[in-house]
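Number of protein chains: 4
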Amino acid sequence: MSLLGDMLGAIAERGRAILDLSAISQAASPVEQIVALCERLLSSRGEASALATGSEILARYAGFDEGERLAFFSALLGGFGPEVDALLPAARAFVAEPGPVNAEVLHQLSEPRRQKLFRLLNQSAPGTRRLIEMRADLLRLLREHPGLEPVDRDFRHLFRSWFNRGFLELRRIDWSAPAAVLERIIRYEAVHEIADWDDLRRRIDPPDRRLYAFFHPRLRDEPLIFVEIALTHSMVASIQAILDPNRKLSDVATANTAMFYSISDCQPGLRGVSFGNFLIKQVVEELRAELPQVTRFATLSPLPSFSRWLGGRLADLPMLSGLADLSAGEKWRDRSVAAAFEPDLTALAAFYLSRARDRSGRPADPVARFHLGNGARLERINWLANTGPQGIAASYGMMVNYVYRLDEIERNHERFASGQDVAVSAAVRRQANAGAKLLDLSAGNDRLVGGS
Amino acid sequence: MSLLGDMLGAIAERGRAILDLSAISQAASPVEQIVALCERLLSSRGEASALATGSEILARYAGFDEGERLAFFSALLGGFGPEVDALLPAARAFVAEPGPVNAEVLHQLSEPRRQKLFRLLNQSAPGTRRLIEMRADLLRLLREHPGLEPVDRDFRHLFRSWFNRGFLELRRIDWSAPAAVLERIIRYEAVHEIADWDDLRRRIDPPDRRLYAFFHPRLRDEPLIFVEIALTHSMVASIQAILDPNRKLSDVATANTAMFYSISDCQPGLRGVSFGNFLIKQVVEELRAELPQVTRFATLSPLPSFSRWLGGRLADLPMLSGLADLSAGEKWRDRSVAAAFEPDLTALAAFYLSRARDRSGRPADPVARFHLGNGARLERINWLANTGPQGIAASYGMMVNYVYRLDEIERNHERFASGQDVAVSAAVRRQANAGAKLLDLSAGNDRLVGGS
Amino acid sequence: MSLLGDMLGAIAERGRAILDLSAISQAASPVEQIVALCERLLSSRGEASALATGSEILARYAGFDEGERLAFFSALLGGFGPEVDALLPAARAFVAEPGPVNAEVLHQLSEPRRQKLFRLLNQSAPGTRRLIEMRADLLRLLREHPGLEPVDRDFRHLFRSWFNRGFLELRRIDWSAPAAVLERIIRYEAVHEIADWDDLRRRIDPPDRRLYAFFHPRLRDEPLIFVEIALTHSMVASIQAILDPNRKLSDVATANTAMFYSISDCQPGLRGVSFGNFLIKQVVEELRAELPQVTRFATLSPLPSFSRWLGGRLADLPMLSGLADLSAGEKWRDRSVAAAFEPDLTALAAFYLSRARDRSGRPADPVARFHLGNGARLERINWLANTGPQGIAASYGMMVNYVYRLDEIERNHERFASGQDVAVSAAVRRQANAGAKLLDLSAGNDRLVGGS
Amino acid sequence: MSLLGDMLGAIAERGRAILDLSAISQAASPVEQIVALCERLLSSRGEASALATGSEILARYAGFDEGERLAFFSALLGGFGPEVDALLPAARAFVAEPGPVNAEVLHQLSEPRRQKLFRLLNQSAPGTRRLIEMRADLLRLLREHPGLEPVDRDFRHLFRSWFNRGFLELRRIDWSAPAAVLERIIRYEAVHEIADWDDLRRRIDPPDRRLYAFFHPRLRDEPLIFVEIALTHSMVASIQAILDPNRKLSDVATANTAMFYSISDCQPGLRGVSFGNFLIKQVVEELRAELPQVTRFATLSPLPSFSRWLGGRLADLPMLSGLADLSAGEKWRDRSVAAAFEPDLTALAAFYLSRARDRSGRPADPVARFHLGNGARLERINWLANTGPQGIAASYGMMVNYVYRLDEIERNHERFASGQDVAVSAAVRRQANAGAKLLDLSAGNDRLVGGS
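Quick mapping for you: the protein sequence lines, in order, are chains A, B, C and D.
Mapping the first sequence onto the working numbering, position 102 (from 1) lands on 102, and the numbers just tick up by one.
Mapping the second sequence onto the working numbering, position 347 (from 1) lands on 347, and the numbers just tick up by one.
Mapping the third sequence onto the working numbering, position 345 (from 1) lands on 345, and the numbers just tick up by one.
Mapping the fourth sequence onto the working numbering, position 242 (from 1) lands on 242, and the numbers just tick up by one.
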């Protein structure tokens, strides 16, 4: 259907013939040259030369090493911001006479030149893909170079507009999907690694398993985010049960529960352009339409930083003195050892998930933050639910069920957003109270407990 | 593939249940109510309630009469611009210390609230479609109410980002296309009306005819713009020859010319988000790839306002005294009469197309402006090329061939953009000189001749 | 996806170069030449030459007039039957020693050479399509030339194998279907003519209307048979109510009835390869899966030859003396006139449909034969249900509802097949008894009444 | 698109409810029961019950062990052949009066009942697939039970009609193909095993590699046969060069040769319904259309039974005394050893391929038989072209290039079919003469050399 990519290429090719690169002094450094090309792109008038210039910039950037990337972003920061001189009289006029008309003049004059530059680059193929990669590089560099933040702001502004959720497409991915897509699913799965194609097949081919992903029309085979689901007859308490290659199939006709057991972002360059909350809700509606008998929607989620959080407090918790060995010696395999730890660890986990806060006052656990903020309820804490090395290391093998109840999602979400208590089941509430006692905290000060 | 529309609907439906409309006072006017809903949308936190509020706004707007629309746009103008109070300190800070950092703060604070509003509305289905219709209404109202221009600026800003040419899809439309698309082609054809489905079939089904359109992924069956093409063995001089139902088919294997005989914008709400120039160039590349033997790309184009331009000058052109009767009595059918008029009229048309300017100094004829600005060359003026009532009325039956030569498009475009002379063939140049003489103009002052 | 057609063409093209047509004497008649080509095809060894020979035969046949077609079929009859000489020893052997082994030898040796010929022709593109057209010609000629029947038997044998219902594809046709398909729907509708594209759209675009068709994978855009359906809230009694352009839409969510109001065979060349019964049953299952609330499946069907049947009996039915004028003067528009005729005509129609038999002892009415044989029940006779000229002419404006009850289809079908009474409602049974009285028939001899 | 499968299932499901299995005596053996069901299917009248009976038969057969299958096929042989009693009078009539009319009666009456049975089974889903599997079972059993041949004849007759090449679809398979198809490609590759998904990707994803397959519309994801191709700049002499994971990509724009390096039949149940010759020719046309610069079409083919053929003659060939060690000790890695064997072995291979015959007088080598019979020319014999264990074992590592020259395919094919000499290059002819001398054969008697 789409001939776009090829044709853009052909037009750019034609433009390249007329693209006089001799003017881009060979003496200058690669970064100086790409900056000169960016200036030319911003001032170009013809379609063909603009496409060719854009392609040239994208191709040169792709060959950059980390140092050149940094230099390039620094140039974008310094030389492609708003045009200050042109803005000054408008700002004076607004200060003299504040009002919407003058404000809008300000808005237009203050747009960083980077935004126009990125819009133009997006027209050359494969512009969107390259810009996402470019921002992924930038985000990596930002950690050491926070001053580049304004450049990222322009990326984020445009990406939020282009990846407006109204433009996304939900697709079910099964064994008839193109290998080019499936290969990326294997690569991008971030929660429970997919070992190989057989493992992948076990997750998408059986009738009681589902995988849904968001796509953007411009990025045909590139999932943006995906979620994996098991259809079951009860709320599952361990990931081993879900991933067991020898498990028994569930009868889809009678399954009443959808377990969301993995959700993976695929594009680091789209961080902060959030799709996850929306994906879960759309998939819930999709499943309800197809399988009316499925009435319970729950997750099986990790507690990625519980061990870290608990680590600093272990000195004050003598009853957990043997905990460090739990993983090392695979002691959790010993049922009596495991049983001894269960009550205290689940109590502390309940406390951690429902009451511990980070410096901004949000739940300390990032996964809890996501699901609770999204309107889910913290339903159950599962002991020895992920006994793989990672699971043991991150949370002593515990996992959590969050439940999405259609009639309370919106209310929970509003309560969360307004800073009120998070939604938890009665059992978890009891466990959290026990956890507070272990930590010797009164209800009054427990919110002060810093997070990760 | 895409389950999006349905699912958005279902989520919105769920939200509606919780959408407490009682707070939107029933006493208030419909416009006051929709304004209250817009405020609520801007402050909403949950997905479902935002989608439901957005749907409610779109649905209510769809029921508005012209007066309510005007009142709504006026409210958008007055109440949803930039937040002036918040902006003032930032403007003062920038004036005190001008620099990119302060400028960017200005940029963010000065964004009209309308932009966020439109982005949120776009998430409800069918948001994009409704927003385009909304802007079409606005453009109509703008003629009488130019003060609404700032509202339009926000639409245009977002549409240019969303309809970035990198996101468009080129499709060939033939007799196997969905009826839902074809029906719109019939409706949108603006140059040479398509009488009925048989007429349409004659334009897309024969192997020597083509129709290409741009689509946006979100608007599945809605063409944005399309172009109709005849493959021929020479540069065709009359539209009758192209549209004749009894014409002989061309042998595509030997055809060397692609005649672009009609190009139609489909979405009034996307005016100013130009695709036309890009469409022609992409189609040229597409045809070159499929049919290497086609080497000439020419248009058969109207002169939509030549009669109007000439009308005011007729008093000074006694040799054209019989011109008024040409159409009335179908005198053009008389070969000797027709022959008598030809030299003078083509000379004047050549002058009009290549030298007449509007108040902004651009070519007076809008079609000439488009093609010449796009890099084409004005090749030939054809007498009695469109003898339908409209053709006679608009330009005494004349039409023009513009030619796209791949090796000069970019150069012509740059010359045009820098205000230099337009590209014309030697023959047209001679005719234009003759036209100048008829008008008794020296080469020096001919540019002063005002356009329509 | 399918490159087949093109490639077959290219291979055939190559073969044509080597196809020495000079050997096909130019002196011979066109029919003698095509017969020579058929012989060559049957003895050809190479792929390319076989494809080229097949294409040549198909192309030549396409240019034949009716006389040449007849001569060609006569040649097929005379010269391409079983090879009698080779068969004779085998037949003798079987008579001498009857048994399955010898019987199978007989079977192989007795295959008419036509079958191999048709199989080979099917390999050239567009073989299947051309063979169907060829048989349509043959069926037309058969009326005057019944001796050609053996040729038809070979077509039918192969078509029944190729169009095995396991190979057919059911598709819903709506307004997003390709125009190439829709155009054929307009052309093939045989019961209630589709006036134009607007009329078509009214039948497929509204949510309460459906059209389903069977397709064969080799004939992409060619429907084989299709059925039109209205979703309603009651069993509809008149076609005017269904086709009224100004009718109100039904709410699909609450509709409980599917009215099958038109079923059209598309391919005269596939007569006797029946799909109709299967189509109805598949569509019933399809609707049940999509719309569980739809529980009644009924037709609104014509009585195509009731007037003809009744005509010969009018002399004995003085109470119907004014009937002839009913149509002529549109007297049926007069309510009191119409009311006067209703009881007798419906009684006679009930008798005609449920008891009149043709010479083979089957129901005299072909539509009744189809639906009753298919397991439906004759539910209701509707007076003034089709007041168009055709409806009045065929059946004085009456139409019938047959009902498909899932729990009795199979039983009705078996009863019908074994020659027992047809399934009728109590009301129709009473009306049929009244009709018998009017005709002065005892229950004993009513089956003797000949059909059309 | 196709709702067929589901709907067939639903109709069958409904039929099952009414399928009175109690009549199928529980006392009888499973095979007696399935035979009773077959009789019922042949006499069934209703659609639903026929579909249900067919599904029941297919499901029961699927559960059979090898002994039950044999018993079932024996029952098909004994009880479902032609109806001998009904046939006898017709045979007598034909013997008395031989002619086409009586012959056709014979043909109809002598059709084995199995054919009708298989046609009916094909209507239940997934009938086609199950029948192919059934025949695969039968072919396996035939080796030990040649008397079942008549049953196979009926399968073959129907499959040749259903898989008429006019119904097949050619598809290019690349990395965007569904995993469900790709998985089968991995499984079915029979010549050069595909190790895993990475290996597969190397064969279909790079621009200089192609894979084409035939599909039948009823078997969506099931390839029937496929061919793998490398685009190169010369006729490649070793399979290692083609499959090397570290090879350099060829530039497709300048590649002039298409190497067909593997062709695999996928469906054992379709043996004898040949597609291979047709596939190669269609792919040649496809490549010519897409890549006009590719003008050489050659294979790199194995000699699967050369070692076996030569083995029996080694005693008479003292110069090859060391041959047995060649493989065992990987002595071929020693260049001087390898060089010593080359002239004699290639001479003998040339002789074997071009002159050795099997008992039916056809070329002894099955691959040579296929390509030479298909119109190719035996171009070159390549020493150490496949040094994998299988290659060494089968042919001392030799492989062959056959070349398809468009202008001689048909002529070669006809010559081959008429029993004349096969097409070989001058070099191979010389080598074959040398081989004949080694074998001490005069040109006169070399055809007598028996094959494998």
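Glycine included, C-beta positions come from ideal geometry on N, C-alpha and C.
- Residue pairing from DSSP leaves ARG40 (chain B) without any beta-bridge partner.
- Here ASP154 (chain A) is not bridged, per DSSP, to any residue.
- The Cβ-Cβ distance between SER124 (chain A) and LEU51 (chain A) falls below 8 Å.
- Between the beta-carbon of PHE226 (chain D) and that of ILE185 (chain D) there is about 6 Å, and that keeps the pair under the 8 Å contact cut.
- Look at MET319 (chain B) here: in three-state DSSP terms it is helix.
- Of B:PHE275, B:GLY419, B:GLU47 and B:LEU142, the smallest CA-CA separation from PHE159 (chain B) is found for B:PHE275.
- Here ALA364 (chain C) is not bridged, per DSSP, to any residue.
- Residue-level contact check: ALA213 (chain C) does not touch chain D, since none of the beta carbons of chain D fall below 8 Å from its beta carbon.
- Taking 8 Å as the threshold, the shortest C-beta distance from PHE278 (chain D) to chain C falls below it.
- Residues of the region 360-375 of chain D that bring their beta carbon within less than 9 Å of a beta carbon in chain C comprise ASN374 and GLY375, in sequence order.
- Neighbours of SER176 (chain B) in chain C, taken as residues whose beta carbon is under 8 Å from its own, are PRO178, ALA179, ALA180 and ASP221 in chain order.
- With a contact defined as Cβ atoms closer than 8 Å, PRO100 (chain D) and VAL84 (chain C) qualify at about 6 Å.
- At least one CB of chain C lies nearer than 8 Å to the CB of TRP197 (chain B).
- Taking a contact as a CB-CB distance under 8 Å, the pair LEU378 (chain D) and ALA423 (chain D) counts as one, their CB atoms being some 7 Å apart.
- Approximately 41 Å separates the beta-carbon atoms of ALA62 (chain B) and GLY81 (chain A); this is outside 8 Å, ruling out the contact.
- In the DSSP assignment, VAL400 (chain C) falls within the beta strand (DSSP E) that extends over 399-404.
- Within the model, the alpha-carbon separation for PRO389 (chain B) versus ARG335 (chain B) is close to 18 Å.
- At a cut-off of 8 Å, the C-beta of LEU384 (chain A) has no neighbouring C-beta in chain B.
- Listed in chain order, the alpha helix (DSSP H) runs fully inside the region 228-262 of chain C are 239-243, counting runs of at least 4 residues.
- In the structure shown, ILE204 (chain B) adopts helical secondary structure according to DSSP, grouped into three states.
- Between GLN293 (chain B) and ASN256 (chain B), the gap from beta carbon to beta carbon is short of 8 Å.
- By the C-beta criterion, the region 88-99 of chain D is judged not to be in contact with the region 120-137 of chain D, since fewer than 3 inter-stretch pairs fall below 8 Å.
- Between SER307 (chain A) and ALA179 (chain A), the beta carbon gap of about 38 Å keeps them out of contact (Cβ cut-off 8 Å).
- Rounded to the nearest angstrom, the gap between the Cα atoms of GLU56 (chain B) and TRP197 (chain B) is 37 Å.
- When DSSP states are grouped into helix, strand and coil, THR299 (chain C) belongs to the strand group.
- Contact between ASP154 (chain A) and ARG209 (chain A) is absent: CB atoms are separated by about 41 Å, not below the 8 Å threshold.
- Put simply, the backbone Cα of LEU117 (chain D) is about 24 Å away from that of ILE280 (chain C).
- For VAL95 (chain C), the nearest CB of chain D lies under 8 Å from its own CB, placing it at the interface with that chain.
- Here the region 330-344 of chain A makes no contact with the region 356-364 of chain A; the two share fewer than three CB pairs at distances below 8 Å.
- Scanning C:LEU231, C:TYR212, C:PHE297 and C:GLU183 for the CA closest to the CA of PRO206 (chain C) turns up C:LEU231.
- Runs of alpha helix (DSSP H) with 4 or more residues, each lying fully within the region 153-193 of chain D, are found at 179-188, listed in chain order.
- Among the bridge pairs identified by DSSP, ASP421 (chain D) is matched with none.
- Distance check between GLY375 (chain A) and each of A:ALA350, A:MET399, A:ALA349 and A:TYR404 places A:TYR404 closest, using alpha-carbon atoms only.
- The beta carbon of ALA86 (chain A) lies closer than 7 Å to those of LEU109 in the same chain, with the five residues before and after it left out.
- In the structure shown, the three-state DSSP call for LEU121 (chain B) is helix.
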